[in-house]
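Undergrad:
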Amino acid sequence: MVKLQKASCSLFALTLFAFSLASCGRTSSTEGVLRVGNDAGFGGAETMDPYDGNRTWPTINMVFDRLIGVDEGFAPIPELALSWSSNVDLTEWTIQLRTGVKFHDGSEFDSEDVVYSIKRMIDPEFDSPIRAVLGVISSVRAVSKYEVLLTLATGEADLPLLLADYRALMTPVDSQSTIGKEPVGTGPFKMEVFDPAGTTVLLANEEYFFGRPQLDKIEVITFADSQSAAQALAGDQVDLLLAIDGKSSSMFGDKTKFTLQSIPSGDWNAIDFRVDREPFGDARVRKALRIAADRQVIADTVLGVGGGVVTCDTPVWSADPYRWDGDCPKDTEGAKKLLAEAGHPNGIEIEIYTSDVEVHMVELVTAYKDQVKDAGIRVTIRMADASGFWDDVWMKESAFVDSWGQRPATQVLNEVYRSTATWNPTGQADTELDKMLDGARATKNQAERAKKYARIQEWLFENSAIFVPYHKTLTRAMSAKVKGIEPIVIDAVRWEKISVS
Amino acid sequence: MKSLVRQILFSLTTFVALAIISFLGIDALPGDGCTALLGRFGSDANIEACRQKNNLNDPVVVRLRDWSSDLLRGDLGYSIKRDEEVARIIAPRIRNTAVMGFVAALMAFPSAIIVGLLLGRYPHTFISKVVNQFSVIAMTLPEFVTATVLWLVLSLWIPVFPGVSVMPSNASLLQLLPNVWLPALTLAVVIFAHSMRTMRTSVANVLNMPFVQSARLRGTSERAMIMRHIVPAALPPVVNVVALDGAWLLTGTFVTEAVFNYQGVGRLAVDAISDRDTALILPIILFGLAVYLASSLLADSLVRVLDPRLRSSDR
Numbered sequence: 001m002v003k004l005q006k007a008s009c010s011l012f013a014l015t016l017f018a019f020s021l022a023s024c025g026r027t028s029s030t031e032g033v034l035r036v037g038n039d040a041g042f043g044g045a046e047t048m049d050p051y052d053g054n055r056t057w058p059t060i061n062m063v064f065d066r067l068i069g070v071d072e073g074f075a076p077i078p079e080l081a082l083s084w085s086s087n088v089d090l091t092e093w094t095i096q097l098r099t100g101v102k103f104h105d106g107s108e109f110d111s112e113d114v115v116y117s118i119k120r121m122i123d124p125e126f127d128s129p130i131r132a133v134l135g136v137i138s139s140v141r142a143v144s145k146y147e148v149l150l151t152l153a154t155g156e157a158d159l160p161l162l163l164a165d166y167r168a169l170m171t172p173v174d175s176q177s178t179i180g181k182e183p184v185g186t187g188p189f190k191m192e193v194f195d196p197a198g199t200t201v202l203l204a205n206e207e208y209f210f211g212r213p214q215l216d217k218i219e220v221i222t223f224a225d226s227q228s229a230a231q232a233l234a235g236d237q238v239d240l241l242l243a244i245d246g247k248s249s250s251m252f253g254d255k256t257k258f259t260l261q262s263i264p265s266g267d268w269n270a271i272d273f274r275v276d277r278e279p280f281g282d283a284r285v286r287k288a289l290r291i292a293a294d295r296q297v298i299a300d301t302v303l304g305v306g307g308g309v310v311t312c313d314t315p316v317w318s319a320d321p322y323r324w325d326g327d328c329p330k331d332t333e334g335a336k337k338l339l340a341e342a343g344h345p346n347g348i349e350i351e352i353y354t355s356d357v358e359v360h361m362v363e364l365v366t367a368y369k370d371q372v373k374d375a376g377i378r379v380t381i382r383m384a385d386a387s388g389f390w391d392d393v394w395m396k397e398s399a400f401v402d403s404w405g406q407r408p409a410t411q412v413l414n415e416v417y418r419s420t421a422t423w424n425p426t427g428q429a430d431t432e433l434d435k436m437l438d439g440a441r442a443t444k445n446q447a448e449r450a451k452k453y454a455r456i457q458e459w460l461f462e463n464s465a466i467f468v469p470y471h472k473t474l475t476r477a478m479s480a481k482v483k484g485i486e487p488i489v490i491d492a493v494r495w496e497k498i499s500v501s
Numbered sequence: 502m503k504s505l506v507r508q509i510l511f512s513l514t515t516f517v518a519l520a521i522i523s524f525l526g527i528d529a530l531p532g533d534g535c536t537a538l539l540g541r542f543g544s545d546a547n548i549e550a551c552r553q554k555n556n557l558n559d560p561v562v563v564r565l566r567d568w569s570s571d572l573l574r575g576d577l578g579y580s581i582k583r584d585e586e587v588a589r590i591i592a593p594r595i596r597n598t599a600v601m602g603f604v605a606a607l608m609a610f611p612s613a614i615i616v617g618l619l620l621g622r623y624p625h626t627f628i629s630k631v632v633n634q635f636s637v638i639a640m641t642l643p644e645f646v647t648a649t650v651l652w653l654v655l656s657l658w659i660p661v662f663p664g665v666s667v668m669p670s671n672a673s674l675l676q677l678l679p680n681v682w683l684p685a686l687t688l689a690v691v692i693f694a695h696s697m698r699t700m701r702t703s704v705a706n707v708l709n710m711p712f713v714q715s716a717r718l719r720g721t722s723e724r725a726m727i728m729r730h731i732v733p734a735a736l737p738p739v740v741n742v743v744a745l746d747g748a749w750l751l752t753g754t755f756v757t758e759a760v761f762n763y764q765g766v767g768r769l770a771v772d773a774i775s776d777r778d779t780a781l782i783l784p785i786i787l788f789g790l791a792v793y794l795a796s797s798l799l800a801d802s803l804v805r806v807l808d809p810r811l812r813s814s815d816r
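Protein chains in written order, with the working numbering: chain A, 1 to 501; chain B, 502 to 816.
(1) By the DSSP assignment, the beta strand (DSSP E) with P264(A) in it spans what residues?
(2) Could you tell me whether any Cβ in chain A is nearer than 8 Å to the Cβ of S629(B)?
(3) Buried or exposed for G747(B), going by 16 or more other Cβ atoms inside 10 Å?
(4) For the alpha helix (DSSP H) containing F635(B), list its first residue and its last residue.
(5) Applying a beta-carbon distance threshold of less than 9 Å, which residues of chain A neighbour G664(B)?
(6) Using 8 Å as the limit for Cβ to Cβ distance, is A759(B) near chain A?
(7) Per the DSSP calculation, V220(A) is bridged to which residue(s)?
(8) With DSSP run on the structure shown, which of helix, strand or coil describes H104(A)?
(9) In chain order, what residues of the stretch 526-554 of chain B put their CB closer than 7 Å to some CB of chain A?
(10) Using a Cβ cut-off of 8 Å (strictly closer), state whether I498(A) contacts chain B.
(11) Is the CB-CB distance between L790(B) and F516(B) below 8 Å?
(12) If you follow the beta strand (DSSP E) that L169(A) is in, where does it begin and where does it stop?
(13) Does the Cβ of R724(B) have 16 or more other Cβ atoms within 10 Å, making it buried, or fewer, making it exposed?
(14) Just to make sure I have the definition right: I need the residues of chain B whose C-beta is within less than 9 Å of the C-beta of T129(A). Which are they?
(15) Return the CA-CA distance between D533(B) and V742(B), expressed in angstroms with no decimal places.
(16) Note the first and the last residue of the continuous beta strand (DSSP E) segment covering S226(A).
(17) Determine the direct distance from the alpha carbon of P196(A) to that of V549(B), and round the result to whole angstroms.
(18) Does the stretch 236-253 of chain A come into contact with the stretch 384-403 of chain A, if we say contact requires no fewer than three beta-carbon pairs (one atom in each stretch) closer than 8 Å?
(19) Between which two residues does the alpha helix (DSSP H) holding K435(A) run?
(20) Step through the CB atoms of chain B and report whether any lies within less than 8 Å of the CB of A7(A).
(21) So if DSSP puts S318(A) in a beta bridge, which residue, or which two residues, is it bridged to?
(22) Applying the criterion that 16 or more other CB atoms from any shown protein chain within 10 Å of the CB defines a buried residue, is D571(B) buried or exposed?
(23) Would you report the Cα separation of D438(A) and L90(A), rounded to the nearest angstrom?
(24) Tell me the DSSP bridge mates of Y470(A)?
(25) Can you pull out the residues from the stretch 198-223 of chain A whose beta carbon lies closer than 9 Å to at least one beta carbon of chain B?
(26) Would you say W423(A) reaches chain B, if we count a Cβ-Cβ gap shorter than 8 Å as a contact?
(27) Taking R596(B) as the reference, which of V562(B), V760(B) and L751(B) has the closest Cα?
(28) When burial is assigned at 16 or more other CB atoms within 10 Å of the CB, is R583(B) buried or exposed?
(29) Could you check if S703(B) is buried or exposed, using at least 16 other CB atoms within 10 Å of its CB as the buried criterion?
(30) Once you ignore the five residues that flank G326(A) on each side, which residues in its own chain have a CB closer than 6 Å to its CB?
(31) Are A409(A) and D320(A) close, meaning C-beta to C-beta below 8 Å?
(32) Less than 7 Å between the CB of D528(B) and some heavy atom of the ligand GDP, yes or no?
(33) Is the CB-CB distance between A672(B) and V707(B) below 8 Å?
(34) Between L678(B) and T757(B), which are expected to be in contact by the criterion C-beta below 8 Å, what is the C-beta distance as a whole number of angstroms?
(35) Short of 8 Å in beta carbon distance, which residues of its chain neighbour L683(B), apart from the five on each side in sequence? Order them along the chain.
(36) Between S512(B), I509(B), W568(B) and L538(B), which has its C-alpha nearest S775(B)'s C-alpha?
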């Protein structure tokens with residue numbers, strides 16, 4: 001009996017110990033501390049070097065600043081640059097820098113840092129992903145301590161918007177070897193602990209040039225998948241998730257505890273048709289393939305109701321000032337007529353390759369197949385292995401599903417559609433389009449430029465080999481205690497203005 | 502003894518053969534560490550330079566030879582994608598999974614054997630049948646359902662445990678422990694059901710055997726009968742199930758680790774596969790192989806100790 005009592009006592013003590021340990025692990029929100037849940041985007045291979053393909057976002061935007069930011073309407077606003085101007089043909093841009101800005105190590109930010117940073121961004125050997133954005137810059141030099149001159153290979157009126165890319169961040173001279181793990185920036189938060197697979201800790205930069213941040217600390221916590229991140233927000237283990245799966249929204253219906261924001265984004269999916277393969281060389285077939293589908297139904301099916309903004313084959317997203325909002329209803333009879341004119345009175349049979357390499361890519365082709373069958377377009381879906389999709393299928397098979405992230409109009413149009421673009425996925429090479437692109441980017445007057453970009457997008461709807469049915473809408477979820485994040489694109493969010501009360 | 506040596510040799514041969522097949526199988530997949538590192542927009546020149554630097558252009562036989570000799574020297578290799586020694590990446594993850602597996606085993610195995618013994622001793626009672634049915638449900642429910650239910654009840658509705666783990670992979674044991682309970686409990690539910698049902702059936706079978714009847718006729722007390730006759734005879738099948746479940750606790754936990762964001766080796770394996778990080782995938786596969794072969798060896802040895810008939814056939 002005594003033995004039994006002893007055993008019971010030990011068991012009780014052990015249980016108490018276990019529960020006390022468990023409750024130690026429960027964390028809850030603290031004033032002045034923001035806990036941000038983040039995807040394990042590169043599985044622990046993340047770096048703080050903003051120009052590296054494995055850069056960890058959004059942490060880089062807490063530590064570093066751009067020369068130029070964007071406001072809520074996606075118009076360029078000063079960040080580390082105070083002002084900018086160009087010559088008449090838009091090939092030379094002079095940028096005046098903010099004075100008295102300090103890096104986190106106490107050194108002063110000046111034009112040498114800008115020259116160093118931009119040279120790394122456009123270095124062909126380093127081949128940074130940001131080079132696709134700023135490759136138009138052919139040289140950069142310091143005019144004075146606070147003035148920089150950028151020379152472009154061609155006139156580009158929207159260079160300020162390109163410089164507002166979330167990766168076009170300023171880093172100190174000669175920081176290449178250390179910046180990946182020990183970043184030193186000018187941004188609102190300083191790196192305390194960098195642990196991309198676990199919890200990264202950042203402390204407020206007391207001397208931030210836009211004023212001391214409202215928060216004392218940010219913890220960026222990495223999650224394996226979106227479901228566990230949603231669980232963490234529901235259980236008060238994180239305060240902010242920048243993007244949640246739309247299906248998880250119902251977990252955060254209690255408005256006294258959570259805030260949900262829907263933000264249109266520039267992310268899009270597409271189906272690409274190679275113009276060098278039959279029958280896609282014929283513009284009538286291409287248009288038939290694009291008008292035979294109901295885009296709203298596809299967006300609702302693939303992304304959920306309210307999960308996307310319908311797009312008429314333009315890669316320019318809804319908040320971009322150059323967006324063309326055309327009308328592109330499903331036109332089955334029109335598609336049949338075009339196919340008949342192109343010599344396919346009985347319709348066509350096509351194969352489209354897809355893969356689960358990224359979300360929504362399989363769902364898109366499945367929804368498309370169902371939509372276009374009435375027009376006599378019979379689709380066979382081919383599944384490709386995720387690991388080889390970008391190497392062996394994308395840009396190589398005759399038709400395949402595609403996925404792109406947000407880019408300003410001038411970048412995405414030149415990167416995806418220009419005849420000489422490296423990543424032009426359809427092989428469509430049209431000198432008329434190239435001339436239109438040159439004309440738009442070299443037009444200084446903003447209103448005139450907007451008209452030219454609108455004409456380019458109309459041209460795409462008539463001729464393009466890329467079917468773009470939607471741009472995605474992101475759902476941002478946060479604790480109701482988080483203030484200072486408006487329902488705007490994350491590039492325009494000021495981290496120093498966020499607070500947790 | 503001879504049989505044991507034979508089995509060790511067989512396990513080693515199996516290990517080497519499967520290691521070579523794994524290497525060749527992964528090598529045959531499209532893409533490699535360099536395409537994984539440089540991604541969709543990596544230029545051909547940069548991918549080629551990366552392959553040269555990491556000897557990925559060598560013939561597969563040469564790479565297999567180099568990899569094997571490194572492995573024999575204890576060098577697990579280098580992850581191009583993560584820019585780190587594989588051993589440094591894997592070691593804390595294996596520790597985390599081992600801690601979780603150990604806690605789950607402590608929760609499940611002793612109680613499963615005791616409950617299985619009691620239910621097997623009285624197999625036709627109402628409680629025995631009800632518990633048996635519940636254990637079928639626990640076994641067949643997908644892990645993520647069990648995990649989600651436990652999270653809802655023990656983290657959201659009754660906030661006792663942290664819902665998900667928010668610790669770094671190399672956290673200290675003290676930091677790790679609060680995050681272990683919910684994932685361990687999820688795993689414990691599954692393996693408890695397996696082991697308990699096996700024990701219950703085994704005990705029920707043993708009860709009908711002649712030597713038990715004979716012991717009963719000799720007037721052996723109930724306690725002595727259970728401890729000296731029933732348990733030793735009922736345990737061998739359970740040992741095999743426990744060994745298999747124990748191996749599963751170290752190698753098959755990726756769903757539970759993903760649901761609770763637990764930084765174990767299962768989650769690492771899934772990340773490595775989706776990243777095409779071949780340098781990392783192979784040692785994880787070898788770890789899994791070693792665990793299964795070792796547990797099988799251990800189970801067979803234990804069964805030999807428990808079952809005198811097998812010992813005599815060894816001679």
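Note that beta-carbon positions come from the ideal geometry of N, C-alpha and C, so glycine has one too.
TA: Reading off the structure:
(1) F258 to F273
(2) no
(3) buried
(4) F627 to T641
(5) R26, S228, Q231, A232, A234, G235, D236 and Q237
(6) yes
(7) V36(A) and T200(A)
(8) coil
(9) L530, P531, G532, T536, L539, G540, R541, F542, S544 and N547
(10) no
(11) yes
(12) No beta strand (DSSP E) holds L169(A); DSSP gives it neither H nor E.
(13) exposed
(14) Reading off the sequence, residue 129(A) comes out as Pro, not Thr. Residues of chain B passing the Cβ test: G540 and F542.
(15) 38 Å
(16) Not the beta strand (DSSP E): S226(A) falls in the alpha helix (DSSP H), residues S226 to A234.
(17) Note on identity: in this sequence residue 549(B) is Glu, with Val being the wrong assignment. Looking at the two C-alpha atoms, the distance is approximately 28 Å.
(18) no
(19) T431 to R441
(20) Legend: pLDDT at A7(A) = 46, less than 50; position of this residue unreliable, value from coordinates given subsequently. It does not: the Cβ of A7(A) has no partner Cβ on chain B nearer than 8 Å.
(21) BP columns for S318(A) are empty, so no partner.
(22) exposed
(23) 12 Å
(24) N269(A) and V310(A)
(25) G198, T199, E219, I221, T222 and F223
(26) yes
(27) L751(B)
(28) buried
(29) buried
(30) C312 and F461
(31) yes
(32) This structure does not include the ligand GDP; it has no bound ligands of any sort.
(33) no
(34) Contact doesn't hold; Cβ gap of about 17 Å is too wide.
(35) A648, L651, W652, L655, S656, F662, P663, G664 and F761
(36) L538(B)
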